[in-house]
Each structure stands twice: as structure tokens, then as C-alpha cells.
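Peer 1: If you scroll down you'll find the structure; I have some questions about it.
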Amino acid sequence: MNARTEPAPTGADAIARPPLVRELLLVAGLFLVYKFGRQLATGHTGEAFRNAHRVWDLERAVRLPGEGAMQSLLLHGDGLVHLANTYYAAVHFPATAAFLIWLYLRRPAHYVWTRRVLAAVTAAALVLHLLFPLAPPRMLAATGLVDTARVYGPSVYGSPATDSLSNQFAAMPSLHFGWALMVAVGLIVATRSRWRWLWLLHPLLTLLVIVGTANHYWLDAIVASALLGLALAAIHLPHRTATTAGRAQGGLVPAQASAQPQARAEEQVLAGAGR
Numbered sequence: 121m122n123a124r125t126e127p128a129p130t131g132a133d134a135i136a137r138p139p140l141v142r143e144l145l146l147v148a149g150l151f152l153v154y155k156f157g158r159q160l161a162t163g164h165t166g167e168a169f170r171n172a173h174r175v176w177d178l179e180r181a182v183r184l185p186g187e188g189a190m191q192s193l194l195l196h197g198d199g200l201v202h203l204a205n206t207y208y209a210a211v212h213f214p215a216t217a218a219f220l221i222w223l224y225l226r227r228p229a230h231y232v233w234t235r236r237v238l239a240a241v242t243a244a245a246l247v248l249h250l251l252f253p254l255a256p257p258r259m260l261a262a263t264g265l266v267d268t269a270r271v272y273g274p275s276v277y278g279s280p281a282t283d284s285l286s287n288q289f290a291a292m293p294s295l296h297f298g299w300a301l302m303v304a305v306g307l308i309v310a311t312r313s314r315w316r317w318l319w320l321l322h323p324l325l326t327l328l329v330i331v332g333t334a335n336h337y338w339l340d341a342i343v344a345s346a347l348l349g350l351a352l353a354a355i356h357l358p359h360r361t362a363t364t365a366g367r368a369q370g371g372l373v374p375a376q377a378s379a380q381p382q383a384r385a386e387e388q389v390l391a392g393a394g395r
């Protein structure tokens, strides 16, 4: 994301930037609601383990790859598995926050769209966490998987019986993967660089990490992808017409401009969108 490939937005993008204080309060409020909602889902240990057995059996029935095959790749070296645990613990929130900050500063209209999509996905995920508590594969003896964070470190979780900061039975869907995939989608849509598709490496690496560390099943990522797809289908990128473009520049659109063909009159507001 540099000045050469990412020119500073003008016009409608500048007008579209929402007030900073309001956005900070909104994001903080949504985060607190989400954390509180996750806490409501705690304490369903028996149901979470029953659901875990169901998910594990379903994955085997439909012949999804075994999570153990992915973990075996990480366990070839202590350094590699430690790096994967660090990625799981340290990248999720900072990467998403940095992405939103960049959009707010450089692509305000994209920021509003992305915030709405992330809020919708997170809200849907919270409902599933409440309705379908799920123990992660690292807790399920039947999987034969290693809790890599506990054995090799670092770990963001304490004992499930005493952990009051997180709900460890909220594996379905994986917001680690859902948010990472939205970061990649948002950057691909918002940028022009021919290398922008490389942002897909972020969700791909996240997928390998969450499965390899036994924090999530494959189905957790599949469901997160489905929720994101539904949110993207329902929440469309904004567009502008020649009239709104003219207003964004502080002037009226000339009369002859309104006579331009419809295809030219309805240009996309987002720099690089769809390119």
C-alpha cells in the first residue's frame, strides 16, 4: 500500500469519512457487546463436547482432511509450532485493527462497508456461539491432537474451568478465519496493485494455523466463509453517479454531463474497486 499504487482518495471518499469519535465509540461498543455475549455462552461444557464429537464424526463422514495431518507439519520443529502459536495469539486483532485504520484514513467508503460486513459476520457468529457451543479439537481426546499452545507456548487461554476472559467453547464459526478472509477481500477490492491478490495469503496462513494448532476444525472455517459470503451478498459496495461526484468536488455538474451515457454516469465511488 504505497503512494504510487494507492493514490489518496478525493471527492466522495473524503466526504464519506464518518466522525472519528463516533467510530471509536461504535467499534468499542460492538467489541464489548461481543465479549459480553461470548461470556453468556460459557458453562455449557457437556453440550460443547457432545457437539465436538458430532462435528468430528461429520468431518470424517464427508471425508474432510484430518486436522492431524496439518498439525504434523507444524510438529516437525519446536520453532515452527511456536511461530504458529504466536501468529494465532498476536496477529488476529492487530491485523484487523490496522486494516480498519488504513481504510478509515485512505478509503473511507470502503471502511464503512467493511465495518458493516464485519459487524454482521460477528453478530451471526455470536448467535452460533450461543446456540452451538463447541469444544475445540485440542480438548477432544478422540482427535489425538496436541494442544500446541499449552505444550510449546505461547498460549492465550487458561484452564477452561477458570478462564473468565474468553469463551473457549466458541469454536464454531472461526472468527480468526472469518476476519482474516474479510481483511483480504477488503484490501483486494480497495487497492489497485497487481499484487493485491497476495493478500489471500493472510487467510490461508490463518487457516493453516488455526487447524494446525488444534484450535479449530475445518468446518469452523467453512461456516465462517459461508457467513462472510452471505454478508457480502447482502451489504453491497456503495456507488456514485456523476451528480454525486460533482457535489463531492464542491461544484455543480454541467448540464452536458447529465447527457452522458448511463454507463459513464454511474462510476464507482471506490478507488480501484473491481479492478
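Be aware that the sequence shown starts at 121, since it is given in my numbering, and climbs by one per residue. All C-beta atoms in this analysis are idealised placements derived from N, C-alpha and C, irrespective of residue type, glycine included.
(1) Please list, in chain order, all residues of the same chain as Y207 whose beta carbon is under 6 Å from its beta carbon, the five residues on each side excluded.
(2) Give the straight-line distance between the Cα atoms of L320 and L254, rounded to the nearest whole angstrom.
(3) Starting from P228, follow the alpha helix (DSSP H) in both directions and report where the run begins and ends.
(4) Would you say P256 and A291 are within 8 Å of each other, going by their C-beta atoms?
(5) If contacts are defined as beta-carbon pairs under 8 Å, then L348 and M302 qualify, I think. What distance do you get, rounded to the angstrom?
(6) Tell me the DSSP bridge mates of A344?
(7) Going by the CB atoms, is the gap between T268 and N171 shorter than 8 Å?
(8) Between L200 and the rest of its own chain, which residues show a CB-CB distance below 6 Å, the 5 nearest in sequence each way excluded?
(9) Which one of L324, R137, V247 has the shortest CA to CA distance from I342?
(10) Please tell me whether A291 has its Cβ less than 8 Å away from any Cβ of chain C.
(11) For V290, which beta-bridge partners are listed by DSSP?
(12) Report the residue from L250, A353, T333 whose alpha carbon sits nearest the alpha carbon of T165.
(13) Any idea if L238 is buried or exposed, counting beta-carbon neighbours within 10 angstroms, 16 or more meaning buried?
(14) What's the C-alpha gap between A261 and W222?
(15) Grouping DSSP H, G and I as helix and E and B as strand, with all else coil, what is A209?
(16) Could you pull out every residue in the same chain whose Cβ sits closer than 8 Å to the Cβ of T263, ignoring the five residues on either side in sequence?
(17) Buried or exposed for A210, please, with buried defined as at least 16 other CB atoms from any protein chain shown within 10 angstroms of its CB.
(18) By how many angstroms is the C-alpha of E167 removed from the C-alpha of H322?
(19) Kindly indicate which residue of F213, P228, A215 has the alpha-carbon position closest to the one of P139.
(20) Within the continuous alpha helix (DSSP H) that includes L184, where are the two ends?
(21) Of the choices V309, R137, R235, whose alpha-carbon is the least far from that of G149?
(22) Over the uninterrupted alpha helix (DSSP H) stretch that includes G197, give me the two end residues.
(23) Leaving out five residues on either side along the sequence, give the residues of the same chain with a beta carbon under 7 Å from the beta carbon of W233.
Peer 2: In brief:
(1) Closer than 6 Å at the Cβ level, and outside the excluded window around Y207, lie V329.
(2) 27 Å
(3) Run containing P228: 228-251, per the alpha helix (DSSP H) assignment.
(4) yes
(5) The C-beta separation of L348 from M302 comes to about 6 Å, placing the pair in contact by the 8 Å criterion.
(6) Its beta-bridge partners do not exist; DSSP assigns none.
(7) With respect to T268, N171 sits apart: the two C-beta atoms are not nearer than 8 Å.
(8) L194
(9) L324
(10) Here there is only one protein chain, and chain C is not present.
(11) For clarity, residue 290 is Ala in the given sequence; the question names Val instead. Paired residues: L254.
(12) Of the candidates L250, A353, T333, the one whose C-alpha sits nearest the C-alpha of T165 is L250.
(13) buried
(14) 42 Å
(15) helix
(16) W176, E187, G188, P257, A334
(17) Under this definition A210 is an exposed residue.
(18) 32 Å
(19) Out of F213, P228, A215, the CA that lies nearest to the CA of P139 is found in P228.
(20) From DSSP, L184 is part of no alpha helix (DSSP H); its letter is neither H nor E.
(21) R235
(22) Boundaries for G197: no alpha helix (DSSP H) harbours it, and the DSSP string shows neither H nor E there.
(23) I355, L357, P358
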